[in-house]
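Chemist: Please find one structure pasted underneath; my questions will follow.
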Amino acid sequence: MIRQDEQLHENKNTNPPPQLPPLNLQPHSFSSLPDVIVENILARISKCNYPNLSLVSKRFLSLLFSPEIYTTRSRIGTTEPCIYICVERFKDLGLKWYTLWTKHAHVETLTVDNAQEDDLPNNEYSLVPLPESNSLPSSSVRILDCRSHTWRDGPSMLVARRCPYAVFLDEKIYVFDGCGEDDTWMEVLDMKTNTWSPLLRHKDAVLEEGWLNTVGLQGKIYLITKINYCAYDPKQGTWEVVEVHDNLGYLGKLCVSVIDDVMYSYSYYSDNLVWYDSKCKKWIDVKLSNFELLYEWRMVNILNHGGKLLVMWLCNFEEYDEIEGWKLRCAKIMLEKRHGNEVWGEIEWPVTEVKLPELSERFNSLVISI
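Using my numbering, the final residue of the sequence shown is 709, and nothing's skipped along the way.
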């Protein structure tokens with residue numbers, strides 16, 4: 340009886356399993372996916388590839404330039420720094436804009452169109468160029484949407500200015516100088532309300548003795564001139580002279596960047612990067628290794644690039660090539676504090692060389708995370 344049961348059990352186990360009907364699997368094309376999925380995929384791709392991807396189809400073009408994809412990039416943490424370079428050309432040819440992607444060492448000429456009035460850019464992704472330095476005084480302001488690379492007119496300043504200085508701090512743009520009128524020497528643009536308001540100037544005329552740099556730091560605006568160092572507190576509406584010195588004319592003009600609440604600049608006196616020690620109130624050389632390539636500079640600009648110092652410089656006139664243009668060199672430097680009162684810098688990746696196609700008198704740059 341037991342053997343018969345075992346045999347029946349074995350026969351049950353040896354029966355073949357029932358056959359399931361074959362699955363009718365059809366391959367899905369990328370175009371059949373919903374927009375929300377395609378957008379999520381595209382948001383994970385570097386923005387430097389967007390111009391080529393936009394040529395794939397009208398659908399890609401629409402998704403790549405939609406505001407939603409940048410919201411997705413911010414939400415999933417795929418934003419990346421893009422460097423915008425503004426070059427002032429010789430012979431009063433005006434300004435020209437370029438974008439630089441350091442991952443690919445590639446410079447692109449920025450082709451822009453005029454935007455419609457209802458296509459207002461998000462402040463988070465906008466640049467606000469003020470009147471260019473080689474132009475006549477002007478109160479006009481142009482706003483560039485960095486997502487679609489379109490321009491629109493911004494609210495006009497209270498007075499016409501030529502070559503003003505500007506600082507962006509807490510959703511406001513502070514503009515100084517360039518007009519010579521005491522009552523409107525300084526004004527501020529509220530980016531939320533799109534309105535300009537006048538601000539009181541510093542009573543000390545020493546501010547007129549040669550400008551060098553403006554920078555926002557710890558909620559204040561710092562103005563660095565050749566002979567003093569002042570701070571403006573926007574919340575209190577007050578000025579103070581932080582430091583008076585003999586001559587700071589050796590610092591690079593418009594060449595100050597802030598990383599971890601420390602100011603960095605470039606010294607023409609020591610041909611080196613310098614940092615500001617707020618305790619002893621002086622500029623100190625950054626200790627660098629294998630950075631002698633910077634000695635062949637003509638113009639230097641430094642930026643905060645993801646917590647590291649990005650140094651860019653145009654080479655000497657002798658290296659200009661009529662066919663290839665200017666050689667713009669870039670180096671990213673990792674900074675580290677050692678021994679209490681020393682800042683050391685180490686080049687993170689080899690010096691990258693890119694080419695600007697036109698002869699330029701000077702250049703400026705800034706980083707936007709997008």
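A virtual CB, placed ideally from N, CA and C, is assigned to each residue, including glycine. The model shown is predicted, which means the values in this text are computed figures rather than measured ones.
1) Where do the ends of the beta strand (DSSP E) carrying P494 lie?
2) Counting along the chain, where does the alpha helix (DSSP H) carrying F399 start and finish?
3) On the three-state DSSP scale, how would you describe C669?
4) By the DSSP assignment, the beta strand (DSSP E) with S604 in it spans what residues?
5) Can you give me the start and stop residues for the beta strand (DSSP E) that S536 sits inside?
6) In terms of DSSP beta bridges, what is I512 paired with?
7) Return yes when the Cβ of S495 is within less than 9 angstroms of the Cβ of V506, no when it is not.
8) Tell me the DSSP bridge mates of G517?
9) Considering only the alpha carbon of each residue, which of L508, K435, L539 lies closest to T553?
10) In whole angstroms, what separates the C-alpha of Y615 from that of N643?
11) For I598 versus G646, is the C-beta spacing smaller than 9 angstroms?
12) Who are G645's beta bridge partners in DSSP?
13) Do V595 and L439 have their C-beta atoms within less than 9 angstroms of each other?
14) Under the three-state reduction of DSSP, which class applies to T691: helix, strand or coil?
15) What residues in its chain sit with their C-beta under 6 angstroms from that of L562, if we drop five residues either side in the sequence?
16) Across the segment 372–381 and the segment 398–409, are there enough close Cβ pairs to call them in contact, namely three or more that are closer than 8 angstroms?
17) Could you pull the start and end residues of the beta strand (DSSP E) that E407 belongs to?
Modeler: Per the coordinate set shown:
1) From DSSP, P494 is part of no beta strand (DSSP E); its letter is neither H nor E.
2) First-last of the alpha helix (DSSP H) with F399: 397–403.
3) strand
4) 601–606
5) 534–538
6) F507, L528
7) no
8) DSSP lists no partner for G517.
9) L508
10) 15 angstroms
11) Contact: yes.
12) DSSP lists no partner for G645.
13) no
14) strand
15) T553, C569
16) With a cut-off of 8 angstroms, the segment 398–409 and the segment 372–381 count as touching, because enough Cβ pairs lie within range.
17) That residue, E407, is in no beta strand (DSSP E); its alpha helix (DSSP H) goes 406–415.
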